[in-house]
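Residue numbers (the UniProt record's numbering): 1 to 632.
Virtual Cβ for every residue (Gly too), placed ideally from N, Cα, C.
Quick notes on the structure that follows.
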């Protein structure tokens, strides 16, 4: 017996830290049995196992037929095999210890270096898991903390360059996650007829106001659309994306203007669509519902198969009632497919060929199903997100479009979307439909422009507030009360600018009842354990909490007073409570933007402290204020 090729499998070492993976060493044993040259491939992991048994036939090694179990049993009990197994195990223990130490050092270095790569705008900290298989990343995004998890059990360093490569990759993904927190989700579909192999790229375009240049963010690169597999891979045709991306040059946020699909091989633009014409799916808050709808849409074919006989019977019956009208809506390709039922494969005068056939109702139904099968399969493949009703009416005719899109079996989760789409079928006049589309498109463009202008002015207003705060801090002198005249003039100028910006934002605000709805929350009085006594620090002060309400406030057992306003209306009572307050608290999740800006402006002008929180428990809010007040 000859033992050779004893070597560890490097691939199995890569994930050694995961208990589900083990080292294994492959050993090839050559031996003879009944004068037949044979070889066995044994794997040494936790146990010795036979992977393959081969015989030498006509100059080639081929797998031995039959049950190799007895050979494996004899070989694994052989003394030589046991000796080499012991030597392998001893070596593996040493290698494991070295690899484990190297792996842990690598993960710790990742966690230490990662916060340094993030923009200063997003303070970041990392926590390595006890098993070193993941790193939790906590990123401060204004008042919120965005939590992400980096899975590390899939990586093992080959050289020092891996650290920087992984840092860059993690940084890009986590920045996308941070910027996506409050963004809208959109959907566009890649147009595909399924007749040829195609490679496409999909990217977003937007104008960066910092770089003063148009920027791109790629969603797909060299995406293969293969007609042989696209029906099973139709998720490739759906491209969900968020409403903004990070500028690759300056890392500023860039609003999407358009999404572009290009043929990678020819450079031809397949589709260029402005964002306002893409379907709005929702926001980050309902991401789970969005993912569920996408999953259901991709499974539409399977759902249809459960009802297809009912559908085809109804569809064929509808065609029989208006046979000539429905027949004239078929394309030449569809007519040819239908005629194949009767063994006719001619290409000329197809419609005349069908008309000359004296067909029974049953033959007409067979013909109609065969002619329409590819069309129905196409609409199921591109999913409901790819249905463009006006274009489909031009393509397959009004009669067919009306029946297919009204009665094609559809999962309940997609019914609202389907109803929205088929509302266009009620407009019989093409001119009326065109006019309605143009009006809707113009309104979408106007809304998109107003939202962009509103966002720009809101950012400008925020900058103005910062300048006011800086100017007022600069103008106060510890040793004298008199303000510098130039600073006073600058403050008045900035305050005037704030008023102008507020008026402009109010003018540009789009009346949308859904956007004006503010989530209501009732404040609670549950006691908490606190290291600092809030009653001592806040004694005699009035705290105004904006964004919540309380049917009854228990101020009798406190040394401070709490008043509230739900901010749903900026009535005189809102401004009166601002005047009464010594300290202002804003519940960031339960207040309108306008109320928050009003409160912030009042706090700046009147030199009152203002705090932002998502807590709704009054004792916890008071404790937060007490801690911050003592730190000042």
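Spatial neighbours of residue i in its chain, beta-carbon cut-off 6 Å, leaving aside the 5 residues before and after
| i | result |
| --- | --- |
| residue 221 | 201 |
| residue 159 | Caution applies to residue 159, whose pLDDT of 47 falls short of 50 and renders its modelled position unreliable; the value that the coordinates give is listed next. Taken in chain order, the list of residues that qualify is empty. |
| residue 198 | 225 |
| residue 267 | none |
| residue 422 | 405 and 406 |
| residue 387 | 421 |
| residue 274 | 258 |
| residue 365 | 316 |
| residue 312 | 369 |
| residue 615 | 621 |
| residue 127 | 136 |
| residue 72 | 50 |
| residue 601 | none |
| residue 56 | 37 |
7 Å Cβ shell around residue i - same chain, five flanking residues per side excluded
| i | result |
| --- | --- |
| residue 140 | 122 and 123 |
| residue 319 | 326 and 368 |
| residue 170 | 114 and 150 |
| residue 577 | 544, 563 and 565 |
| residue 628 | 611 |
| residue 513 | No answer about residue 513 holds up, because its pLDDT of 41 lies below 50 and its placement is not dependable. |
For residue j and residue i, believed in contact at Cβ under 8 Å, the rounded distance
| i | j | result |
| --- | --- | --- |
| residue 63 | residue 51 | The pair is not a contact, with the Cβ atoms about 11 Å apart (cut-off 8 Å). |
| residue 617 | residue 524 | 5 Å |
| residue 591 | residue 610 | At roughly 12 Å, the Cβ-Cβ gap does not stay under 8 Å, so residue 591 and residue 610 are not in contact. |
| residue 570 | residue 595 | 6 Å |
| residue 543 | residue 599 | Actually they are not in contact, since the Cβ atoms of residue 543 and residue 599 sit about 13 Å apart, beyond 8 Å. |
| residue 150 | residue 163 | Between residue 163 and residue 150 the Cβ distance is about 13 Å, and since that is not below 8 Å, they are no contact. |
| residue 384 | residue 297 | 6 Å |
| residue 148 | residue 174 | 5 Å |
| residue 251 | residue 260 | 22 Å between Cβ atoms; not a contact. |
| residue 314 | residue 338 | Rounded, the Cβ-Cβ distance is 18 Å, inconsistent with contact. |
| residue 413 | residue 290 | Actually they are not in contact, since the Cβ atoms of residue 413 and residue 290 sit about 11 Å apart, beyond 8 Å. |
Helix, strand or coil at residue i [DSSP, three-state]
| i | result |
| --- | --- |
| residue 288 | helix |
| residue 620 | helix |
| residue 612 | strand |
| residue 258 | strand |
| residue 627 | helix |
| residue 19 | Note that residue 19 scores a pLDDT of 40, beneath 50, so its modelled location is shaky and nothing firm can be said. |
| residue 159 | Confidence is the limiting factor: at residue 159 the pLDDT is only 47, short of 50, which leaves the residue's position unreliable, though a coordinate-based value still follows. Three-state DSSP puts residue 159 in coil, outside helix and strand. |
| residue 556 | coil |
| residue 577 | helix |
| residue 217 | strand |
| residue 571 | coil |
| residue 273 | strand |
| residue 606 | helix |
| residue 266 | coil |
| residue 238 | strand |
| residue 478 | Confidence in residue 478 is poor, its pLDDT being 45 and thus under 50, which makes the residue's placement unreliable; the coordinate value appears in the next sentence. In this structure, residue 478 counts as coil in the three-state DSSP scheme. |
| residue 589 | coil |
| residue 174 | helix |
| residue 515 | Note that residue 515 scores 40 on pLDDT, short of 50, meaning its location in the model is unreliable; the coordinates nonetheless yield the value given after this. DSSP places residue 515 in helix when its eight states are reduced to three. |
| residue 547 | coil |
| residue 244 | strand |
| residue 167 | helix |
Beta-carbon proximity list for residue i, same chain, < 8 Å, skipping 5 on both sides
| i | result |
| --- | --- |
| residue 478 | Any reading at residue 478 is ruled out, since the residue's pLDDT is 45, under 50, leaving its predicted position unreliable. |
| residue 382 | 189, 192, 234 and 237 |
| residue 70 | none |
| residue 85 | 44 and 48 |
| residue 559 | 535, 536, 538, 539 and 540 |
| residue 247 | 208, 210, 211, 215, 253 and 254 |
| residue 299 | 411 |
| residue 196 | 227 |
Neighbour flag for residue i against chain B, beta carbons, 7 Å
| i | result |
| --- | --- |
| residue 377 | In the displayed structure, chain B is absent; only one protein chain is listed. |
**Asked** So does the segment 96-114 actually touch the segment 36-51, counting three or more Cβ pairs closer than 8 Å?
**Response** no
**Message:** Threshold first: 4 residues or longer. Then list the alpha helix (DSSP H) segments lying entirely within the segment 290-347, N to C.
**Reply:** 300-305, 308-321, 323-327 and 332-339
**Asked** Which runs of the beta strand (DSSP E) fall wholly inside the segment 88-154 and span at least 3 residues, in chain order?
**Response** 124-128, 134-141 and 144-151
**Asked** Any chance the segment 328-343 sits against the segment 365-380, with 3 or more Cβ pairs inside 8 Å?
**Response** yes
**Asked** Which full runs of the beta strand (DSSP E) of 3+ residues lie inside the segment 356-435, going along the chain?
**Response** none
**Asked** Are the segment 251-258 and the segment 229-238 touching, with three or more C-beta to C-beta distances below 8 Å?
**Response** no
**Request:** Count the CB pairs spanning the segment 403-418 and the segment 303-322 that are closer than 8 Å, and state whether there are at least three.
**Result:** yes
**Request:** Report yes or no: do three or more beta-carbon pairs, one from the segment 276-291 and one from the segment 184-191, lie closer than 8 Å?
**Result:** yes
**Asked** Taking the runs of the beta strand (DSSP E) that are 3 residues or longer, which of them lie wholly in the segment 180-212?
**Response** 184-189 and 198-208
**Request:** Let me know the beta strand (DSSP E) ranges lying completely inside the segment 25-99, each 3 residues or longer, listed in chain order.
**Result:** 25-33, 36-44, 48-57 and 60-63
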